[in-house]
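In our numbering, the protein residues as written are 7 to 255.
Just so you know, even glycine gets a beta-carbon here, dropped at the ideal spot from N, CA and C.
Quick caveat, the model's predicted, so the values are computed rather than measured.
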Ligand SMILES: NC(=O)c1ccc[n+]([C@@H]2O[C@H](COP(=O)([O-])OP(=O)(O)OC[C@H]3O[C@@H](n4cnc5c(N)ncnc54)[C@H](O)[C@@H]3O)[C@@H](O)[C@H]2O)c1
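This is how it looks when you write it as structure tokens:
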């Protein structure tokens, strides 16, 4: 059983690698460094090369794909956030779909975010082609716009693939974490624009999540017990979404 994990070097991706290896899966990690396949997923040529390298290593057959590679709102170049979180994830998803069709009980899990609901698809500047204007308008908080719109567009992209992937026998779901204790969250806490905002909001469960908790859900969604779960987004956030959007589900 071979599974590709992007963002394998840190945080949720590293926890997913650990979890999947413990479950007896063979894992191919993809990351900027310290991975089986080293690639900058912000760059189109790197993405194509990464897909080619993965397909060669797995001989064109994969049982699972887990897409964790991502950048947080604190990153100084908001376009890079969109390039990694949205374009990078989609290039791997679509590029590896044929290999998943050759796998055994294949499934993919894409790590989105609760931020995917902080903006609507109708207003999403990725859809309307107005990212530059939206970044300019947001000023110091352009990273937030980049993050929410990239995660919203990613979840939409997954959901719109549900019919074709289902027909091909490949399950596809997203997980939408709230605050999880990783270097990405720490960078947000250390950022003067975002630190207080993150610290001032505590999930009802009273703590942040651990990468292992997200990895456990990912492991379940990849496994045979999740055979009827397809096209769903699983919020895993200690109750934050229920507080912020009690009537929206
Ligand atoms: N930590 C949280 O609170 C939280 C909440 C919601 C969603 N998420 C999402 O979870 C995913 C994993 O984040 P994390 O918190 O584990 O962060 P992290 O920073 O610990 O790990 C992210 C990984 O992605 C890799 N990556 C970044 N840019 C890349 C690029 N251009 N090419 C290849 N790899 C690249 C990094 O090198 C790193 O190993 C991200 O998609 C993030 O948006 C995190």
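- Residue pairing by DSSP leaves residue 208 without any beta bridge partner.
- The distance from the Cβ of residue 185 to that of residue 204 is about 7 Å, consistent with a contact at the 8 Å cut-off.
- Take the alpha-carbon of residue 55 and the one of residue 45: they are about 8 Å apart.
- With a cut-off of 8 Å, the C-beta of residue 77 is classified as near ligand 1, since at least one heavy atom of the ligand falls inside that distance.
- Counting C-beta atoms within 10 angstroms of its own C-beta, residue 69 has 16 or more neighbours from the protein chains shown and is therefore classed as buried.
- When DSSP states are grouped into helix, strand and coil, residue 183 belongs to the strand group.
- The residue from 168, 78, 166, 251 with its alpha-carbon nearest to that of residue 193 is 78.
- Residues close to ligand 1 by the beta carbon criterion (under 5 Å to any non-hydrogen atom) are, from first to last along the chain, 13, 15, 16, 17, 18, 37, 38, 46, 47, 48, 74, 75, 76, 90, 117, 119, 183, 185, 186, 188, 189, 190, 191.
- The three-state secondary structure of residue 89, taken from DSSP, is helix.
- Within 10 angstroms of the beta-carbon of residue 134 lie fewer than 16 other beta-carbons, which makes it exposed.
- For residue 19, the uninterrupted alpha helix (DSSP H) segment begins and ends at 17–28.
- By the Cβ neighbour-count rule, residue 180 is buried, with 16 or more other Cβ atoms within 10 Å of its own.
- Residue 225 and residue 49 do not touch by the CB rule: their CB atoms are close to 30 Å apart, not below 8 Å.
- Assignment of residue 177 by DSSP, reduced to helix, strand and coil, places it in the strand class.
- Taking the Cα positions, residue 128 is about 16 Å away from residue 139.
- Taking C-beta atoms under 8 Å as the contact rule, residue 88 and residue 132 qualify, at a distance of about 7 Å.
- Across the structure, residue 222 and residue 118 are spaced so that their CA atoms are roughly 16 Å apart.
- When DSSP states are grouped into helix, strand and coil, residue 243 belongs to the coil group.
- If the five residues before and after residue 86 are omitted, its C-beta is found closer than 6 Å to the C-beta atoms of 48, all from its own chain and listed in chain order.
- Counting only runs of 4 or more residues that sit fully inside the segment 129–168, the alpha helix (DSSP H) segments are 131–134, 137–144, 148–166, in chain order.
- In this structure, 9 is the residue among 213, 9, 234 with its C-alpha nearest to the C-alpha of residue 109.
- Secondary structure of residue 32 (DSSP, three-state): strand.
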